[in-house]
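Trainee: In the numbering used here, each residue carries its 1-based index in the sequence shown increased by 507.
Structure in structure tokens, see below.
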Amino acid sequence: MSADQSTSSTNFNSFVKGPKNMFKLLGIKLQKQGNLISTMYTSFVVISATIVAILQLCHILTSDTSDPHRVQNVVYITYFTVGLGKILNILYRRSILIECLSELEGIYPDKEMERKYSLQHYLKRYKRAEYFFWNFAMFLISVYNIETIVRSLLQLYLKGRYGYLLLVRIYAPFPYDGKLLVYLCYFALGSITGAWIAIIIAAADLYLLGCVLQLCLHFELLTKQLMELDTRILTESEAIKRLNAIAKYQSELIRLSRKVNRTFSGSMIVSLTAASFIICFLLFQLLGDVQLVDIAMVLILLLNESKQVLLICYCGDKLLNSSQRFNESLYMHNWVDGSVRYQHHLLFMLLYARNPIMLNLLDITDITLVTLKEVLVVKTLGKRI
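Encoded structure:
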């Protein structure tokens, strides 16, 4: 491997190292042939989280309709559903994701080119997001575990008896009140699966962000290379050769963008749907007679969902703007002094790139920051209701 390829690979790995390590905690290895132990461990993670979600649903169905925690339980089960949806989407699209990452690594610019065209800000932006997402996941795990333990200990202090509260309210086939060992099993089940879900959500979102930011990096690189193309200095054959190289690069990016969109479409659907769902139920929670602590815990989950929606809309908007700037550069660069053959080649590029690249949901709706506004409309409608 050459020095340039080594540097390029190092920079690319910085985009995927974080979520890659997070997935390892879940037994997911992005390899075409996974080993049996990892597959069994991942299956155990999915089955355990599914069991907890089902037990939560059973608890909701069997609990009294006047239970003040009923709506809160619905929000918690939505959180688990989002995580399950994301991990199942990744497992289903694993081969496409591996292809995307392999192709992105293959075209990643070397360090010298990054410096020449001032492209380092994409990696810096990604690393800041990675730091925030990981720490927010750890915050989520810590707060919910500590809150449950503190409330149980508070009952011990006030009533002289440990509270035996669980992280998530589930239907318990085996009674645990007063039975420490059974209680610890239920608590561990809820705590560990809740942590897995937090990590799943963070890792899936970071992979989406990393792929989109790399696509934006390439579109910016193409834009700057095209603006450098001066038909007054170059011969006709040299100008056409460079333009064709850019056109080939552009075609590759458009194909990759579609593949990335297909890979994360399921993940985006569950995030956007869950966010609207949680907003509605949170408003009902606020209308009920509930403790301030319960509202605060649901608000944290709402913040978690809002973070996901904001990220998805940001990715869609960023990709739209980057591809649009490249399309505009086709008009803005010095094509007037080019030959007729050069202008014909450029015309084909204009026709091919007439529409900017956007993330979309199953070819139904495009995702931009306008989508965020549409999600927030749900909140307004909920308030009116």
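Note that CB positions come from ideal geometry on N, CA and C, so glycine has one too.
Just so it is clear, the structure is predicted and the values come from calculations on it, not from any experiment.
#1: Do you know offhand how far Lys527's Cα is from Arg861's?
#2: Within 7 angstroms (strictly less), CB to CB, does Ser830 reach chain C?
#3: With a threshold of 16 other CB atoms inside 10 Å of the CB of His840, please say whether the residue is buried or exposed.
#4: Could you compute how far the alpha carbon of Phe530 sits from the alpha carbon of Arg658?
#5: Am I right that Leu455 and Ile584 are in contact with their C-beta atoms under 8 angstroms? What's the rounded C-beta distance?
#6: Alpha carbon to alpha carbon, what distance is there between Ser758 and Thr569?
#7: With DSSP as the reference, label Asn867 as helix, strand or coil.
#8: Taking its Cβ as the centre, do 16 or more other Cβ atoms sit within 10 Å of Asn811, making it buried, or is it exposed?
#9: Assign Phe587 to buried or exposed, taking buried as 16 or more other Cβ atoms, counted over all protein chains shown, within 10 Å of its Cβ.
#10: Hey, is the region 807-827 in contact with the region 776-785, meaning 3+ C-beta pairs nearer than 8 angstroms?
#11: Return the chain-ordered ranges of every alpha helix (DSSP H) run that is complete within the region 565-618 and spans a minimum of 4 residues.
#12: State the DSSP-derived secondary structure class of Ile874, mapped to helix, strand or coil.
#13: Got a sec? Which residues, its chain only, sit under 7 angstroms from Leu728 by beta carbon, not counting five neighbours each side?
#14: What is the rounded straight-line gap between the Cα of Phe726 and the Cα of Ser744?
#15: Nearest by alpha-carbon distance to Ser830: which of Val777, Val767, Asp844 and Ile761 is it?
#16: Tell me whether the beta-carbon of Ile697 lies closer than 7 angstroms to the beta-carbon of Val719.
Mentor: Here's the rundown:
#1: What you label residue 527 is simply residue 20 of the sequence shown in a count that begins at 1. What you label residue 861 is simply residue 354 of the sequence shown in a count that begins at 1. Computed Cα separation, rounded: 36 angstroms.
#2: Chain labels in this structure do not include chain C; a single protein chain is all it has.
#3: Residue 840 sits at position 333 when you count from the first residue of the sequence shown. Buried, by the Cβ-count rule.
#4: For the purposes of this step, residue 530 is identified with residue 23 of the sequence shown, where counting begins at 1. For the purposes of this step, residue 658 is identified with residue 151 of the sequence shown, where counting begins at 1. When rounded, the distance between both Cα atoms is 32 angstroms.
#5: Missing from the structure shown is residue 455; the chain here goes from 508 to 892 and no further.
#6: Stepping through the sequence shown from its first residue, residue 569 is reached at position 62. Stepping through the sequence shown from its first residue, residue 758 is reached at position 251. A direct Cα-Cα distance of roughly 55 angstroms separates Thr569 from Ser758.
#7: In the sequence shown, residue 867 corresponds to position 360, counting from 1. Here Asn867 sits in strand by DSSP.
#8: As a first step, residue 811 must be located in the sequence shown, where it is residue number 304. The residue is buried, with at least 16 neighbouring Cβ atoms inside 10 Å.
#9: Residue mapping note: residue 587 aligns to position 80 of the sequence shown, counting from 1. With at least 16 other beta carbons inside 10 angstroms of its own, Phe587 counts as buried.
#10: Segments in contact, yes.
#11: Entirely contained in the region 565-618, the alpha helix (DSSP H) runs reaching 4 residues are, in chain order, 577-599 and 601-614.
#12: Taking the sequence shown and counting its residues from 1, the one referred to as residue 874 is at position 367. Residue state, collapsed to three classes: strand.
#13: Here residue 728 corresponds to residue number 221 of the sequence shown, with the count starting at 1. Cβ neighbours of Leu728 beyond the five flanking positions: Pro616, Tyr624 and Leu626.
#14: In the sequence shown, the residue the question calls residue 726 occupies position 219. In the sequence shown, the residue the question calls residue 744 occupies position 237. Their backbone Cα atoms lie some 24 angstroms apart in a straight line.
#15: For the purposes of this step, residue 830 is taken as the residue at position 323 of the sequence shown. Of Val777, Val767, Asp844 and Ile761, the residue nearest in Cα terms is Ile761.
#16: Position 190 of the sequence shown, counted from the first residue, corresponds to residue 697. Position 212 of the sequence shown, counted from the first residue, corresponds to residue 719. It should be pointed out that residue 697 corresponds to Gly in this sequence rather than to Ile. In this structure, Val719 does not lie closer than 7 angstroms to Gly697 by Cβ.
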